[in-house]
Amino acid sequence: GRGAPTKRKGSDAPPLQLSYPRPFSLTSVPLPCTWIRDWFQKADKNKDGRMNFKEVQRLLKMMNVDMNEDHALRLFQAADKSESGTLEGEEFVLFYKALTEREEVQSLFQEFSEDGKKLTLLELVDFLRQEQLEEEGTEELAMELIDKYEPSETARARHALSADGFLMYLCSPEGSIFNPQHRALWQDMTQPLCHYFISSSHNTYLIEDQIRGQSSIEGYIRALKRGCRCLEVDCWDGPNGEPIVYHGHTFTSKIPFREVVSTLGKYAFQCQGGQKHSPVAPQASDFPVILSLENHCSMEQQEVLAQQLKDILGEQLLTATTDGRVPTQLPSPEELKHKILLKGKKIGRLEDTLDGPGDEPDVSDDDNGAEAEEERRRMKKDRESLAQVLSDCVVYCKNVSFRGFQEARNHSRPSEISSLSEAKARKLIRDAGNEFVRHNTWQLTRIYPSGMRTDSSNYSPQEMWNAGCQIVALNFQTAGMEMDLCDGLFSQNGHCGYVLKPPFMRDEGTLFNPSDPSTWQGPGPVTLTIQVISGQQLPKVANSKDGAIIDPLVRVEIHGVPADQAHQETKYIENNGFNPHWDETLQFQLHVPQLALVRFVVEDYDKTSRNDFVGQFTLAFANIKPGYRHIHLLSKDGTGIPPSSLFVHIRITEPPGPEQD
92 GRGAPTKRKG
102 SDAPPLQLSY
112 PRPFSLTSVP
122 LPCTWIRDWF
132 QKADKNKDGR
142 MNFKEVQRLL
152 KMMNVDMNED
162 HALRLFQAAD
172 KSESGTLEGE
182 EFVLFYKALT
192 EREEVQSLFQ
202 EFSEDGKKLT
212 LLELVDFLRQ
222 EQLEEEGTEE
232 LAMELIDKYE
242 PSETARARHA
252 LSADGFLMYL
262 CSPEGSIFNP
272 QHRALWQDMT
282 QPLCHYFISS
292 SHNTYLIEDQ
302 IRGQSSIEGY
312 IRALKRGCRC
322 LEVDCWDGPN
332 GEPIVYHGHT
342 FTSKIPFREV
352 VSTLGKYAFQ
362 CQGGQKHSPV
372 APQASDFPVI
382 LSLENHCSME
392 QQEVLAQQLK
402 DILGEQLLTA
412 TTDGRVPTQL
422 PSPEELKHKI
432 LLKGKKIGRL
442 EDTLDGPGDE
452 PDVSDDDNGA
462 EAEEERRRMK
472 KDRESLAQVL
482 SDCVVYCKNV
492 SFRGFQEARN
502 HSRPSEISSL
512 SEAKARKLIR
522 DAGNEFVRHN
532 TWQLTRIYPS
542 GMRTDSSNYS
552 PQEMWNAGCQ
562 IVALNFQTAG
572 MEMDLCDGLF
582 SQNGHCGYVL
592 KPPFMRDEGT
602 LFNPSDPSTW
612 QGPGPVTLTI
622 QVISGQQLPK
632 VANSKDGAII
642 DPLVRVEIHG
652 VPADQAHQET
662 KYIENNGFNP
672 HWDETLQFQL
682 HVPQLALVRF
692 VVEDYDKTSR
702 NDFVGQFTLA
712 FANIKPGYRH
722 IHLLSKDGTG
732 IPPSSLFVHI
742 RITEPPGPEQ
752 D
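Shown next, in the form of structure tokens:
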């Protein structure tokens, strides 16, 4: 037998150089496969010892093996030696092996298995420690993995993992690039609201473009199911005294405000299932929803708005501060669980409402006369255009015009929020990056797409997150890189729609400026090394010709602070969507890894026109697990396309700390 693989200590050893023999033929597969035969017999209902393609598909489902129908059918026909349209037991074993056989995984298995047939418990522990860098409770984990993924009862009883079980582990959530512990709620939810990035949608009622598109309740349901926690509604006077929602002065269709509120009440904290093959288990978010109200209604219909909000939402609508006092900071998502917050204009200041609606704002000593005068004038103007009952529904999210960071600091009212267009935000990031980051440590900022984006296209949310902006509103209906980043950031933390900002973005005295490397703390850049090994059962490109086979390449993109933005790609592999092998190593330097998102994109190479999109997966750098990992690809609209995946080796090298110099 071979010696135990103690030589590959630590993940500083270079990733395995896997060499691939010629594509194997269907007859060359060894058959220690009793458990596969057992499954076949169990599923062979009429006991004639044969199965057609439909039955085989059903059996694979029972065995928990995902497949792409095109690839599976091709292998089925190759295994059907008698050309009867059915497979007999032995043919099925060959078919199963061809479908799941992975040379590169086999070599890895051999590397750690002394007898080449199984991994003993200790050999598996070795692999988990050395390669997967699983540090705590490795033996318990190894036992669990064997119980969960070893298909052969005999091997299970002996606490061993066969090559089939090893592959099943690598394809499972535990073998995924996404740290399974970060899928669940793993962050502190007791910090002020402004310390979180919040999943946010723009003109949520539109499900197409901004000019002629349809308005629909469906827009709200889809956004909430996707984990969105800040929704937008544009209200206008409607017939019969009933306010309506649509994109004003355009030809978009109209929906009653009442229906939007009912939908919100029903889905805001409900189970977020519904997305086919969603990469995250459906679960409800208990954390608050912010309803951003753009109010164009007359006084009469504003009163109807307030009435409908109160009647339909009842207890869910937040109408007073959590403790009845004037806040010195925003409450936390934890304190606001199951609450809906209205964001809109408000008459006067929050403290005036708490003391009862006083006519005159109290002028504090440090307010000068001119400012008090300005405040009175503003209140008078608001009184003329805003119904008091609607104003009273706004507590923690009072809309104010942005008049500069200094002005905001002078008033220091955490319950006020400014909305900025993407262009205005970009200018502030350029001219006053650090002030913007500091502002966002104590007050909320909302960013919305430019009015020129009538096609509902999106801007990159990353540059806004880099400055600590919390409510970065995107057109959820438009698939593409921008929504991939949004889904990627919010797929962690229980998919609850809130992600805690890194510590240097929560400290009011922070020096951090996303565009100025001299303000970044830390010992130096982290190195991310990605060996792109292979792809599995990649889907055909939408609307491609029958029989067309893709020429796949992989691009890895880093989205983060400007200095970290980068992308690299592999060469393309001709005509192989079933099991392309790239075996290329890409390397990135991350100066601010806490803000970085990593996006893996597979494209079909085309030398004459733009490459076609095949699949992608995006996640925050903080959620990456090192070692040999599978990346389960998603389609353009963020739904799963099992079993399409990439197999990679990930190494993260921290810079040496000061004490190691």
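Heads up, the numbering used here is the position in the sequence shown plus 91, with the first residue counted as 1. Every residue gets a Cβ at the ideal spot worked out from N, C-alpha and C, and that includes glycine.
Identity of the residue in the options nearest residue i by Cα
i, options, result
"E385", "D483, H293 and S735", "H293"
"K188", "L236, T744 and A254", "A254"
"Q678", "H672, E648 and P330", "E648"
"A478", "K437, G415 and G731", "K437"
"L212", "G256, C262, P717 and A461", "G256"
"K489", "R529, A411, P552 and N666", "A411"
"D578", "E230, T281, G228 and L315", "L315"
"R500", "E526, R149, R521 and L199", "E526"
"T413", "Q399, L710 and P379", "P379"
"E462", "E498, L215, L433 and A516", "E498"
"P347", "T341, V395 and S376", "V395"
"I624", "E466, V491, K636 and T661", "T661"
"F167", "K428, E146 and G613", "E146"
"Q612", "P594, I621 and Q627", "P594"
"F567", "R320, K515 and Y696", "R320"
"F34", "Q553, E573 and A570", "Nothing can be reported for residue 34: it is not among the residues displayed for the chain, which extend from 92 to 752."
"A275", "Q627, N714, I722 and Y719", "N714"
"H340", "S482, L150, G304 and E425", "G304"
DSSP state of residue i mapped onto helix, strand, coil
i, result
"S204", "coil"
"L725", "strand"
"Y260", "helix"
"H586", "helix"
"M154", "coil"
"A189", "helix"
"N714", "helix"
"T118", "Confidence in T118 is poor, its pLDDT being 37 and thus under 50, which makes the residue's placement too unreliable to answer from."
"I335", "strand"
"L686", "helix"
"T610", "helix"
"W277", "coil"
"R469", "helix"
"V623", "strand"
"P271", "helix"
"K209", "strand"
"I40", "One cannot answer for residue 40 here, as it falls past the ends of the chain, which runs 92 to 752."
"R742", "strand"
"G356", "helix"
"G731", "strand"
"I237", "helix"
"L602", "coil"
"L72", "Here the chain has residues from 92 to 752 only, and residue 72 is not among them."
"S253", "strand"
Which residues DSSP lists as bridging residue i, in chain order
i, result
"N143", "T177"
"A375", "DSSP lists no partner for A375."
"F704", "E694"
"A564", "S291"
"K316", "Its beta-bridge partners do not exist; DSSP assigns none."
"S736", "Q627 and H723"
"F679", "L619"
"V324", "L384"
"L591", "Y287"
"V485", "L433"
"H672", "S625"
"P747", "In DSSP, P747 forms no bridge with anything."
"I346", "V336"
(message) Give the list of continuous beta strand (DSSP E) stretches no shorter than 3 residues that lie fully inside the segment 488-557.
(response) 507-512 and 535-539
(request) Assess, as a yes-or-no matter, whether the segment 296-306 is touched by the segment 597-611 under the definition of 3 or more beta carbon pairs within less than 8 Å. (result) no
(message) Pairs of beta-carbons, one from the segment 325-341 and one from the segment 382-400, closer than 8 Å: are there three or more?
(response) The segment 325-341 is in contact with the segment 382-400.
(message) Does the contact criterion of 3 or more C-beta pairs under 8 Å hold for the segment 546-554 versus the segment 666-681?
(response) no
(message) Does the structure place the segment 170-184 close enough to the segment 130-147 that three or more beta carbon pairs sit under 8 Å?
(response) yes
(message) Check whether the segment 655-674 and the segment 739-748 touch, using three or more Cβ-Cβ pairs below 8 Å as the test.
(response) no
(request) Examine the Cβ distances between the segment 333-344 and the segment 582-597 and report whether three or more of them are shorter than 8 Å. (result) no
(message) So within the segment 634-659, which uninterrupted beta strand (DSSP E) runs reach at least 3 residues, ignoring any that extend past its ends?
(response) 643-650
(message) With three or more C-beta pairs closer than 8 Å as the rule, is the segment 719-733 touching the segment 695-707?
(response) Contact holds: three or more Cβ-Cβ distances are below 8 Å.
(request) May I have a chain-ordered list of the alpha helix (DSSP H) segments no shorter than 4 residues that lie completely inside the segment 401-456? (result) 441-445
(message) Contact between the segment 260-272 and the segment 558-565 is defined here as three or more beta-carbon pairs at a separation below 8 Å; is this criterion met?
(response) no
(request) State whether the segment 504-518 contacts the segment 533-545, with contact taken as three or more CB pairs (one from each stretch) at a distance under 8 Å. (result) yes
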